[in-house]
Amino acid sequence: SVMKLMTLLLISLFSLSVWSAETLDAEDAKMMEEMKTRRTMLDWHRYTAWGTVALMGATIATAPEGKISNTHKALGILSGVGYLTSASLAYFAPRPEDTVQKKNIFIHKNLAWIHAPAFALTIASGLTAHNQRKDGKKTSGLGAAHSTFVAITAVSFGAAAFLSTDWSLNILPTSQKDIACVLSKSF
Numbered sequence: 001s002v003m004k005l006m007t008l009l010l011i012s013l014f015s016l017s018v019w020s021a022e023t024l025d026a027e028d029a030k031m032m033e034e035m036k037t038r039r040t041m042l043d044w045h046r047y048t049a050w051g052t053v054a055l056m057g058a059t060i061a062t063a064p065e066g067k068i069s070n071t072h073k074a075l076g077i078l079s080g081v082g083y084l085t086s087a088s089l090a091y092f093a094p095r096p097e098d099t100v101q102k103k104n105i106f107i108h109k110n111l112a113w114i115h116a117p118a119f120a121l122t123i124a125s126g127l128t129a130h131n132q133r134k135d136g137k138k139t140s141g142l143g144a145a146h147s148t149f150v151a152i153t154a155v156s157f158g159a160a161a162f163l164s165t166d167w168s169l170n171i172l173p174t175s176q177k178d179i180a181c182v183l184s185k186s187f
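Mapping to the numbering used here: the sequence shown position 47 is 47, numbers consecutive.
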């Protein structure tokens with residue numbers, strides 16, 4: 001559509017640095033600099049999220065049934081660091097005025113209401129399970145629910161990471177594909 005072509009043209013001009021700060025008025029130069037910062041932060045948000053998905057997978061793969069594993073614990077901590085890094089990059093990225101989100105990004109952002117509390121409960125239940133096992137007890141209560149919280153976190157966070165990609169639009173209704181954000185790829 002015309003809107004997509006205009007957006008692609010603007011993105012191309014922006015990424016090729018055709019415009020310079022000297023040719024723009026102060027307000028436009030500030031907006032362009034904010035968009036460049038936003039794009040960089042959101043690209044790194046995506047990269048760290050996919051790295052976190054991989055770390056979560058490795059953490060799950062190293063989960064010993066009923067035993068304590070330092071490898072599992074270390075990978076869990078790294079997953080937490082990756083998760084917080086990714087979330088911070090998205091949260092602190094400058095937000096332009098008057099942008100419309102694509103449907104995939106709307107869903108991507110709303111999945112945080114599932115995976116954020118699930119991740120917090122994964123950590124709490126993991127610590128509880130670890131302490132119960134360390135004391136020679138069978139996991140119970142919050143500790144016994146650890147694998148459930150892990151599954152909820154992994155599925156919702158993995159879905160959010162998938163939806164951050166442009167090719168995820170292929171699974172959405174065609175009418176939603178035409179919604180675009182000005183001067184940005186998919187955010």
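Note that the Cβ used here is the ideal one computed from N, Cα and C, for glycine as well.
Query                                                                                                  : Result
Thr-52 vs Leu-75 beta-carbon contact at 8 Å                                                            : no
Neighbourhood of His-146 by C-beta, 8 Å cutoff - its chain only, sequence neighbours within 5 removed  : Thr-122, Ser-125, Gly-126, Thr-128, Ala-129, Thr-139
Distance between Tyr-91 and Phe-106 (C-alpha atoms, nearest Å)                                         : 14 Å
Alpha helix (DSSP H) segment containing Thr-153, residue limits                                        : 146-163
Check whether Ala-161 and Trp-44 have beta carbons under 8 Å apart                                     : no
Assigned exposure category for Ser-88 - 16 Cβ within 10 Å defines buried                               : exposed
Through-space distance from His-108 to Glu-34, alpha-carbon basis                                      : 22 Å
Selection from Lys-30, Trp-113, Asp-28, Arg-133 that minimises the alpha carbon distance to Glu-65     : Arg-133
Which listed residue (Ala-54, Ala-112, Lys-67) has its alpha carbon closest to that of Gly-136         : Lys-67
Rounded separation between Ser-156 and Asn-131 - CA only                                               : 27 Å
Cβ neighbours of Gly-80 in the same chain (closer than 7 Å, five flanking residues each side left out) : Ile-123
Three-way DSSP call (helix, strand, coil) for Glu-34 in this model                                     : helix
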